[in-house]
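What follows is a single structure, written as structure tokens, with notes after it.
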Amino acid sequence: MFKVLSLAGNHVKDDVWHALIVVISNASELQGYSVRSLYTALQAYSEQGSLLRVAVWCIGEYGEMLVNNVGMLEAEGPITVTESDAVDAVELGLNRYSADVTTRSMCLVALLKLSSRFPSMSERIKQIVAQNKENMVLELQQRSIEFGSIIQRHQSIRSSLLERMPVLDEATYLVKRASATQATIPAYKPAAVTPGGLKLPNGVAKPAAAPLVDLLDLSSDDAPVTSAASATTAPSDFLQDLLGIGGTNLSTAGAPSSASTDILMDLLSMGSSPSQNGLPAPAEKKPVSAAPQVGSLVPEPMDLLGSLSSSASISGTKSTIAAPQAVDLLDGLSPSTSVSGLEDTRPSITAFQSATLKITFDIRKQPGKPQEATIHATFTNLTSSNYTDFIFQAAVPKFIQLRLDPASGNIVPANGKGSVTQGFSVTNNQHGQKPLAMRIRMSYKVNGEDRLEQGQVSNFPPGV
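Per full-length UniProt numbering, numbering through the sequence shown is continuous, rising by one, with the last residue being 464.
Here you go:
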């Protein structure tokens, strides 16, 4: 099988290399041989995608066996591989121009595990991971930030947290694979450049109930997801949320939603498609018909656009009816038409509020495009110290497209004396069936100390 991966790795289906990882994890006596063989093959055939994925997974799991020649077979000759060589192999895979999101994600996880296997390489690994903190692929950006935090701040629990994966139950894996609705992780495609900014992919969608993909991010498709109503910056809760090793503790702003669990399941792509819990889809606003024209001085045949009479605001607000000019055949476009009707402005919402930070969303929708919304976020500092290096991140369910525009700045003044703003647009491809939901994360520094806050926004007005 290693020979097949070496010669035709780009043509091997995902199910095949998934199954190979299952075999390696169950054959403890062959793990040392496997990691050495894959490392050697990778030096000559690094362009083969499936070989690269299996090799970096094995290096991350069994890196110390590779370096120390553990578990050698009788016909096998020793090879000399240093800790630096092992990290080099993973770094090359991460930086390959042809590597897709799946491969890069596996490389980041392998580097995280090697930081525990090779403590002397932790500083170098942290620098490699940090290079992706500004990656335009949200999935890779988020992983880099989270993994960098583990390497830097959680050294006391890192070794136990990053132990080897337990032996996989192949029978259970095959049953779940057969029932999964989505068997593979989609490859990354370059983001399309639009006049409003970069249209970013929304991260990598994990296949439903596929435990083998759990090897890539240490999470579990079967892990229960809960939400809390208060904001938290506690490192322990953040770590649990990051690795999915316990209940998720999210800071939620605004009115709580009874469907928050389903929304989060969609948001994190954990497990099969969630049910709607019997909740009806939010009703869309019906267009308000124009008020009948009264006292028109133009005979009825001349009133070509009477249905667009200037006596009614396009936004549907009540207004005084006035008679149009006698020959105003285009009275619907007359100056008395409400300019605000060109955009449907929704009430502002408090998307997030803690003791230190407040975020409000101003929402606008374009007529004729109910699935699209433009959101203007305002960030206000509630403390007496300035926030520097302020970064706002957002994640949405896989059925929603997100496009972030640049922020107005990265310093949030103290005591609410000024604010930072940032615009973004969302497209809900299941508008009317599933509500808009979003997870947000804000990182910043206070007097040089890193701070992190996160939460879920589930109080969007109906129909957004």
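Just so you know, even glycine gets a beta-carbon here, dropped at the ideal spot from N, CA and C.
The structure presented is a predicted model; accordingly, all values stated were derived computationally and were not measured.
Assigned secondary structure, residue i (DSSP; H/G/I helix, E/B strand, else coil)
| i | result |
| --- | --- |
| Y33 | helix |
| E134 | coil |
| H376 | strand |
| P282 | Any reading at P282 is ruled out, since the residue's pLDDT is 44, under 50, leaving its predicted position unreliable. |
| A75 | coil |
| V81 | coil |
| V464 | coil |
| Y387 | strand |
| K369 | coil |
| N249 | Any answer about N249 is weak, because its pLDDT of 42 lies below 50 and its placement is not dependable; what the coordinates show is given next. Three-state result, N249: coil. |
| V420 | strand |
| V446 | strand |
| Y39 | helix |
| R124 | helix |
| V167 | coil |
| residue 469 | Only positions 1 to 464 of the chain appear in the structure, and residue 469 is not among them; the question remains open. |
| S98 | coil |
| G93 | helix |
| Q433 | coil |
| S149 | helix |
| S144 | helix |
| I314 | Below a pLDDT of 50, predicted positions are generally treated as unreliable, and I314, at 39, falls in that range; no measurement from the model is reported. |
Residue i, enclosing alpha helix (DSSP H) - first and last residue
| i | result |
| --- | --- |
| I157 | Q155 to L161 |
| T103 | V101 to R117 |
| A55 | G49 to N68 |
| H18 | D14 to N26 |
Same chain only: Cβ atoms within 6 Å of residue i, ignoring 5 sequence neighbours per side
| i | result |
| --- | --- |
| S115 | S122, I125 and I151 |
| P461 | R346 |
| V167 | S25 and N26 |
| I391 | S443 |
| N132 | L140 and S144 |
| G448 | none |
| Y62 | Q31 and V35 |
| V426 | A373, I400 and L402 |
| R451 | Y444 |
| L73 | Y33 |
| R117 | G63 and E64 |
Identified DSSP bridge partners for residue i
| i | result |
| --- | --- |
| A394 | I440 |
| V412 | Y387 |
| N381 | L357 |
| A407 | Q422 |
Contacting residues, own chain, Cβ-Cβ under 7 Å from residue i (five flanking each side not counted)
| i | result |
| --- | --- |
| residue 467 | Since the first and last residues shown for the chain are 1 and 464, residue 467 lies out of range. |
| V446 | S385 and Y387 |
| Y39 | A55, I59, L66, V81 and A89 |
| S120 | E83 |
| T103 | G49, L52, R53 and G93 |
| residue 468 | Absent from the structure is residue 468, since the part of the chain shown begins at 1 and ends at 464. |
| N135 | Q141 and S144 |
| A414 | N381, T383, S384, S385 and N386 |
| D4 | First, the residue type needs correcting, since residue 4 is Val and not Asp in the sequence shown. So the list reads V12, once near-sequence residues are dropped. |
Boundaries (first-last residue) of the beta strand (DSSP E) holding residue i
| i | result |
| --- | --- |
| E449 | E449 to V457 |
| residue 472 | For the chain, the structure presents residues 1 to 464; residue 472 sits outside this window and is missing. |
| F2 | Note, F2: premise wrong, no beta strand (DSSP E); alpha helix (DSSP H) at F2 to A8. |
| S348 | D344 to Q353 |
Beta-carbon proximity list for residue i, same chain, < 8 Å, skipping 5 on both sides
| i | result |
| --- | --- |
| I128 | V87, E91, L94 and L111 |
| L108 | L94, V129, N132, L140, R143, S144 and F147 |
| A99 | G49, L52, G93 and C107 |
| S419 | T378, F379, T380, N381, V412 and P413 |
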